[in-house]
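Novice: Right, I'll just put the structure down here and ask away after.
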Amino acid sequence: MSKLRPFPVTSLPKATPGRLGKNAGGPKTTLDPNSAVLLFSPITFRGLTLKNRIGVSPMCQYSAQDGLPNAWHLSHLGSMASRGAGLILVEATGVSRTARITPNCLGLLSDAHVDAFKPIVEFIQSQGAAAGIQLAHAGRKASTLSPFFTDNSYSAVASQEVGGWPDEVVGPSPIKQAPTTANVVELDVEGIAQIVASFEKAAEMSLAAGFDVVEIHGAHGYLIHSFLSPLSNKRTDAYGGPLENRMRLALEVTRAVRAKWPETKPLFFRLSASDFVDGGLTIDESVIVCRELKALGVDVVDCSSMGIVPPTDASIPLQPGYNVPLAQKIRHESNVATAAVGLITEAAQAEAILQDGSADIVLLARAFLNDPSWVLNAAAKLGAEVEWPLQYRRGKPRM
């Protein structure tokens with residue numbers, strides 16, 4: 001007697017992109033009604049085919065204990081996998097104990113952590129989605145309090161009494177992230193090598209946990225980004241000064257991770273492609289960085305921005321799709337696939353990003369928190385036929 005799968009895959013084999021309807025674009029977006037719906041078409045990176053081009057962006061949940069994922073993470077990520085997302089990216093996961101943002105952040109630190117991730121990965125994959133994990137080092141933003149406990153944009157220091165490590169916060173230069181954050185110890189060359197090795201080890205553990213995708217976090221003011229930005233990197237050695245030196249850590253981490261990550265599995269890199277502030281990292285510099293990343297085996301650049309200074313100091317308003325021009329420029333000038341992210345909330349908006357060639361996939365965050373069924377609702381709006389989960393079909397609207 002054959003054993004039935006407890007979580008049947010229903011959406012992968014029967015997704016039908018269809019054609020855009022005449023009203024699909026809505027009042028603010030113009031779409032060609034005769035075009036195929038790209039949002040629900042599959043896309044392949046190396047040996048991995050995503051069933052659609054919609055991914056869940058990494059979103060910190062600040063809900064781990066000792067870096068271990070738990071039932072919250074299974075529920076949070078599983079709810080979006082079961083409702084049709086093609087790719088689920090686990091939140092920023094520290095490559096060492098002191099690499100985490102807060103004491104409540106995830107880590108990939110031991111066999112116990114690998115084992116804790118396995119059922120989450122298995123459930124995501126059972127729903128026909130790909131499971132990815134974002135590997136990170138918080139750098140100057142480490143050992144801060146969860147936003148659950150502070151109202152500051154840049155959280156207050158997490159002391160040793162609450163599980164923090166304020167004396168072990170590191171960066172390219174001894175420049176604090178903000179007045180409320182910990183003092184920064186400038187990394188020496190040996191310390192940099194240890195961090196590269198920790199990313200390498202975390203890639204091995206990601207493979208052991210069964211993940212399909214690894215994303216290196218090089219954005220939002222965390223360690224790799226802080227080396228890239230001249231605002232936070234004032235070094236005079238091989239890791240500071242001109243761009244070729246400032247991107248050295250990013251390239252060393254990428255090379256180390258790619259060496260341990262199978263050739264059949266795609267590697268993503270999240271980049272703050274512009275600091276949007278005078279004297280910071282520019283989009284033209286990021287184009288150069290992305291060419292080097294592609295040469296080292298990065299398959300997709302996840303194009304975000306900012307994080308070195310507070311958003312209120314940046315020169316760009318936070319409006320729908322504000323990062324899309326960055327993804328478009330990198331895609332065309334670095335000749336690498338890109339993911340668009342940043343206030344992408346509407347189905348027609350996401351489809352237009354793909355239709356005009358700005359990006360290859362879209363990653364949503366807050367939109368999924370607001371509506372875990374975003375994929376199913378987007379399909380209805382764009383005229384794409386997708387299978388609902390068997391367990392939820394009674395809730396499908398009837399026309």
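Position 36 (the sequence shown) corresponds to 36 in full-length UniProt numbering; numbering is contiguous.
Even glycine gets a Cβ: it sits at the ideal position worked out from N, Cα and C.
Could you pull the start and end residues of the alpha helix (DSSP H) that Q355 belongs to?
Specialist: Its alpha helix (DSSP H) spans residues 347 to 355.
Novice: Label T312 either buried or exposed according to how many other C-beta atoms from any shown protein chain fall within 10 Å of its C-beta, with 16 as the threshold for buried.
Specialist: Exposed is the call here.
Novice: Please say whether A129 and S143 have beta carbons closer to each other than 8 angstroms?
Specialist: No.
Novice: Give me the Cα-Cα distance between K201 and W261, rounded to the nearest whole angstrom.
Specialist: Near 10 angstroms, if we compare the C-alpha coordinates of W261 and K201.
Novice: Taking all protein chains shown into account, do 16 or more other C-beta atoms lie within 10 angstroms of the C-beta of F40, making it buried, or fewer, making it exposed?
Specialist: Classification of F40: buried, given that the 10 Å Cβ count is 16 or more.
Novice: Can you give me the start and stop residues for the beta strand (DSSP E) that Q134 sits inside?
Specialist: Element bounds for Q134: 130 to 136.
Novice: My guess is that F276 and A314 are in contact by the Cβ rule of under 8 angstroms, so how many angstroms apart are they, rounded?
Specialist: Confirmed, Cβ separation roughly 4 angstroms.
Novice: Entirely within the stretch 22 to 91 and at least 3 residues each: give me those beta strand (DSSP E) ranges in chain order.
Specialist: Listed in chain order, they are 43 to 45, 48 to 50, 54 to 56.
Novice: Would A379 be called buried (16 or more neighbouring beta carbons within 10 Å of its own) or exposed?
Specialist: It is buried - the Cβ of A379 has at least 16 other Cβ atoms within 10 Å.
Novice: Of all the options V257, I224, D284, R255, which has the alpha carbon lying nearest to the alpha carbon of R246?
Specialist: Per the Cα distances, I224.
Novice: Specify the secondary structure class of R258 as computed by DSSP and reduced to three states.
Specialist: Reduced to three states, the DSSP call for R258 is helix.
Novice: Given this structure, state the Cα-to-Cα distance separating E215 from I88, to the nearest angstrom.
Specialist: Cα to Cα, E215 sits roughly 11 angstroms from I88.
Novice: Where do the N-terminal and C-terminal ends of the beta strand (DSSP E) with I308 fall, by residue?
Specialist: Looking at the DSSP string, I308 is not in any beta strand (DSSP E), and its letter there is neither H nor E.
Novice: Which residues in the same chain as N104 place their Cβ atom closer than 7 angstroms to its Cβ, once the five residues preceding and following it in sequence are excluded?
Specialist: So the qualifying residues of the chain are Y62, S63, A64, S146.
Novice: What does the alpha-carbon distance come out to for the pair G279 and V287?
Specialist: Those two C-alpha atoms are separated by around 17 angstroms.
Novice: Would you identify the three-state DSSP class for E385, choosing helix, strand or coil?
Specialist: The answer is strand: DSSP assigns E385 an E or B state.
Novice: Exposed or buried, what is W374 when buried is set at 16 or more other beta-carbons lying within 10 Å of its beta-carbon?
Specialist: The residue in question, W374, is buried, as its Cβ has 16 or more Cβ neighbours within 10 Å.
Novice: Go through its chain and collect everything with a Cβ distance to Q391's Cβ below 7 angstroms, but skip five positions before and after it.
Specialist: Excluding residues within five positions, none has a Cβ falling inside 7 angstroms.
Novice: When the Cα atoms are used, what is the spatial distance from D111 to P119?
Specialist: One C-alpha to the other measures close to 14 angstroms.
Novice: Using a Cβ-Cβ cutoff of less than 8 angstroms, which residues in the same chain neighbour G322 once the five nearest sequence positions on both sides are dropped?
Specialist: Just to set this straight, residue 322 is Tyr in the shown sequence, not Gly. Within the same chain, Y322 has close Cβ partners S305, I316, G342, L343.
Novice: For the beta strand (DSSP E) containing F268, list its first residue and its last residue.
Specialist: Segment 267 to 272, the beta strand (DSSP E) holding F268.
Novice: Within a Cβ cutoff of 8 angstroms, which residues of the same chain sit near S226, ignoring the five residues on either side of it in sequence?
Specialist: Hits under 8 angstroms: G139, R140, G171, P172, S232, N233, I308.
Novice: Per DSSP, which residues does L390 bridge with? Please list them.
Specialist: Its beta-bridge partners do not exist; DSSP assigns none.
Novice: According to the neighbour-count rule (16 or more other Cβ atoms, all chains shown, within 10 Å of its Cβ), is L38 buried or exposed?
Specialist: With 16 or more other Cβ atoms within 10 Å, it is buried.
Novice: Nearest to H332 by alpha carbon, out of V300, R83, H137?
Specialist: Comparing Cα-Cα distances from H332 to each of V300, R83, H137, the minimum goes to V300.
Novice: Given this structure, state the Cα-to-Cα distance separating R83 from K396, to the nearest angstrom.
Specialist: When rounded, the distance between both Cα atoms is 12 angstroms.
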